[in-house]
Structures are given as structure tokens and as C-alpha cells.
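Here's the structure we're looking at; comments come further down.
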Amino acid sequence: MPELPEVETIRRYLIKDIRDKTIKNIDIKVAKQFTGRKEDVIGKKIIDIQRKGKILTFKLVNSLTRELNNFLYLNIHLKLTGQLVFAKKINHKYKTAIPHANSNNLPAKTTHIIIYFTDNSVLYFNDLRKFGWMKITNKPEQPKGIDILSSDFTLKYLTDLTSSTSKPIKLLLLDQDKLAGLGNIYDNDALFLAKINPLKKSNSLSKNEQKKLFNSIKAVIETGLKFNGASDESYILPNAQSGKYQKHFQVYGREKLPCLVCKTPIKRIKHGGRSSFYCPNCQKI
DNA sequence: CGATTCCCCTGATAGC
DNA sequence: TGCTATCAGGGGAATC
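Take 914 as the starting number for the first sequence in the working numbering and just add one per residue.
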């Protein structure tokens, strides 16, 4: 599932592929996943790709008149199974089979939106479960929370945040309007590294735990980036290659497997409608 | 305000 | 074999 490291990896690759390209046409096969009038962005040039939390934003400007004060934004959320895959031309053959496409070619059954550029290159938006979306806006669509890679994410910000509520720390960290970027994978792994139980009340963390949590959140995000994200189910890079962080999961997806530190079997519980993975020995309340 | 539940969707898996 | 029920999961909406 694309979280901050996955979306940022996509951004870093895609910027090299499509910066300064002009949109020739958009083929929308699943209407509910596209909000806005595609006519508004046809003929517009992509001058930058931004990201906050898990939302990617293409910054667009009219390529002919260069109205530099009049930008449009194409925002993208990949949710659980979204993919953005670039091709220099149609019928491009990728080196490996694309998850859920069952082929080395695109478009696939799961290709729901296709963006064509004027140089005949293509961007495919695939999404098995159809939860993802694209949306045209006049200003970037962004979560309210501080982005983890931002310099505004400080130890003080985290301590103020955790002190503000008694809800379980695991759920607080998933709230994109508080802290932007963590999903289930990196949330679970960060709490493991900090040796904090996911059910622990946020405002009961000690000073030391707050500091460990701050460092652990930054560490898991950096590690995720280093391995180009986790190709656990659907996620792939814009060149259709896999990320590698799934080989370095601490607790996520490791139910009943031995804890990497003490060998105690990892436990899986459900709360807030999500699975939490933790070591009952290393992460006591 | 917070907490809970439902919903969107589809492939995988379990049970009959 | 093949049908049906259940589940995962980000985030928005509705409800209490």
C-alpha cells in the first residue's frame, strides 16, 4: 500500500520522466476515479510534481501562453492498490510482469486512467480495487497534518501531538490530518523500533518514549525510501520495478513469526478497523 | 469533540 | 468443481 516512502519514490522517478511534458489527452475508463473536467488540463504542461503525505500533485501551467500566475493542479491518491507506470511510447514492454496486470504490457484490465503526452509517451494509472483517484483543483489538495519529511516535523511537534489526546498511539499516527505520511506498514514498524505498544494511550508516553518514537518514525521512513518502498501487494515504481522494503519489515505482516529481537511470536490484533502487529515482549504497555 | 460503524472494491481463501 | 461467505485496508460519511 503506498505510504510516504512509496509515494515519494514515485515522485522522484516520475519527475524525471514527465517534467515539462504537455498533456495531449486523457482516457478515463472509470469515471468515478476522476474528478474535474479533463478538457481543463489538456494542452497544459507539467512543470513540477509535489507531494504531501500520500497525495501526489502535478503542477500544471498553460504551455502556450505561459500564464505563470495561473496554475492548475492534478492531484493523485493511490490508496491501497494504485499504480502509476510510465512508458516512452505505447506498447512498451516492461522487464517484469506488472502486479494484477498479468503481463509485461499496458494497458491492462486494471488500467482505469491513461494520460497521453504530446511526445507520445504515456502515464498509466492502474488500480485493482478502484479506491484511488485523480482530481483537478486550483490549489494543491493536501492533508492537514505535518509531512514527516518536512522540517516542521520536530520532536516538539510530536510531543505536543501525543500529549493532546488519549487515543491509542497507533491510531493517532495514522491520522493524516495530524501527521501526514504513515500508513499501516510504517506505523507498525516505527512503534516496534520505539518499543511502544500500539494500544498505549498517546498522552501516557514518557519523555524517552516520545523521543524514541520521533527517531523511529524518521528511521522507518528513511529506510523505506532507501529501498524504494515496499512492494507488498500492488505497489511498483513508475518503471514497473519492485521496491524492496518488504524484505525489511520489522513486524508488519509477520504474525506468528519470531520477533527479530527476542524471537517471541509477533501478535496481530485489530483495532480501529485495522490490523496491528507487535511483539508482546518488546512492546509492553 | 471523540469513538464507532459502514462503505467503496476485488482477489484470495475457507467452508460446504 | 463451483458456489457462497469472509476478509483486507485508506479515508470519507453517517451516527451516537
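Every residue gets a Cβ at the ideal spot worked out from N, C-alpha and C, and that includes glycine.
Identify which residue in the options has its Cα closest to the Cα of residue i.
{"i": "F999", "options": "A1153, L1084, N1015", "result": "A1153"}
{"i": "T1024", "options": "P1012, Y1037, N1015", "result": "Y1037"}
{"i": "G956", "options": "I968, A1103, E921, D933", "result": "D933"}
{"i": "G1094", "options": "K1180, G966, C1172", "result": "G966"}
{"i": "I1079", "options": "L1112, S1016, H1161, I1182", "result": "Reading the sequence as shown, one finds Ser at residue 1079 and not Ile. Of the candidates L1112, S1016, H1161, I1182, the one whose C-alpha sits nearest the C-alpha of S1079 is L1112."}
{"i": "Q1123", "options": "G1058, T1136, L1106, N1051", "result": "L1106"}
{"i": "L1041", "options": "N975, F1140, P1020", "result": "P1020"}
{"i": "N1039", "options": "C1172, T1031, K1022", "result": "K1022"}
{"i": "K1169", "options": "C1175, K1160, K1180, H1161", "result": "K1180"}
{"i": "D1032", "options": "R1167, K1002, Y926", "result": "K1002"}
{"i": "K1052", "options": "F984, S1119, N1121, N1194", "result": "F984"}
{"i": "L1126", "options": "D953, L991, L1085", "result": "L1085"}
{"i": "K1043", "options": "P918, E952, A944, L1092", "result": "A944"}
{"i": "I1198", "options": "S1144, R1167, V954, K1083", "result": "K1083"}
{"i": "R924", "options": "V954, F947, L991", "result": "L991"}
Measuring straight from C-alpha to C-alpha, what distance separates residue i and residue j?
{"i": "R964", "j": "Q996", "result": "16 Å"}
{"i": "Q1163", "j": "S1189", "result": "12 Å"}
{"i": "K1048", "j": "I939", "result": "13 Å"}
{"i": "R1187", "j": "D1088", "result": "13 Å"}
{"i": "F971", "j": "Y1158", "result": "26 Å"}
{"i": "E1146", "j": "I960", "result": "31 Å"}
{"i": "N1004", "j": "K1069", "result": "51 Å"}
{"i": "G1185", "j": "Y986", "result": "33 Å"}
{"i": "Q1196", "j": "L1071", "result": "20 Å"}
{"i": "T1177", "j": "A1014", "result": "38 Å"}
{"i": "I1182", "j": "Q1055", "result": "30 Å"}
{"i": "K942", "j": "N1017", "result": "20 Å"}
{"i": "K1120", "j": "N1101", "result": "20 Å"}
{"i": "I1061", "j": "D1090", "result": "12 Å"}
Apart from the five residues just before and just after residue i, which ones in its own chain have a Cβ nearer than 8 Å to its Cβ?
{"i": "N1077", "result": "In the sequence as presented, Asn is not what sits at residue 1077; that position holds Ser. Once the five neighbours on either side are set aside, the close Cβ partners of S1077 are S1115, N1116."}
{"i": "T922", "result": "L1138, N1141, G1142, L1150, G1156"}
{"i": "F1030", "result": "I931, K934, T935, I936, K937, L1036"}
Here's a check: name, in chain order, each residue in its chain whose Cβ is nearer than 6 Å to the Cβ of residue i, leaving out the five neighbours to either side.
{"i": "K1096", "result": "Looking at the sequence itself, residue 1096 is Gly, so the reference to Lys does not match. Around G1096: M914, E916."}
{"i": "A1103", "result": "S1129, I1130, V1133"}
{"i": "I989", "result": "L969, M1047"}
{"i": "K958", "result": "T935, V974, S976"}
{"i": "K929", "result": "none"}
{"i": "P1081", "result": "L1112"}
{"i": "T994", "result": "D1040, L1041, R1042, S1147"}
Please check the pair residue i and residue j, which I expect to be a contact at CB under 8 Å, by giving their CB distance rounded to whole angstroms.
{"i": "I1098", "j": "Y1165", "result": "5 Å"}
{"i": "V1035", "j": "I1026", "result": "Contact flag wrong, Cβ pair sits at about 11 Å."}
Excluding sequence positions up to five away, which residues of its chain have a Cβ less than 7 Å from the Cβ of residue i?
{"i": "Y926", "result": "L1150, P1151, N1152"}
* Give, in chain order, every unbroken run of the beta strand (DSSP E) that is at least 3 residues long and sits entirely within the region 1029–1099. => Fully enclosed beta strand (DSSP E) runs of no fewer than 3 residues occupy 1035–1040, 1046–1050 of the region 1029–1099, in order along the chain.
Could you tell me which whole beta strand (DSSP E) segments of length 3 or greater appear in the region 1100–1139?
The qualifying runs do not exist here; there are none.
message = So within the region 973–1025, which uninterrupted alpha helix (DSSP H) runs reach at least 4 residues, ignoring any that extend past its ends?
response = Listed in chain order, nothing qualifies, since the region 973–1025 has no complete alpha helix (DSSP H) run of 4 or more residues.
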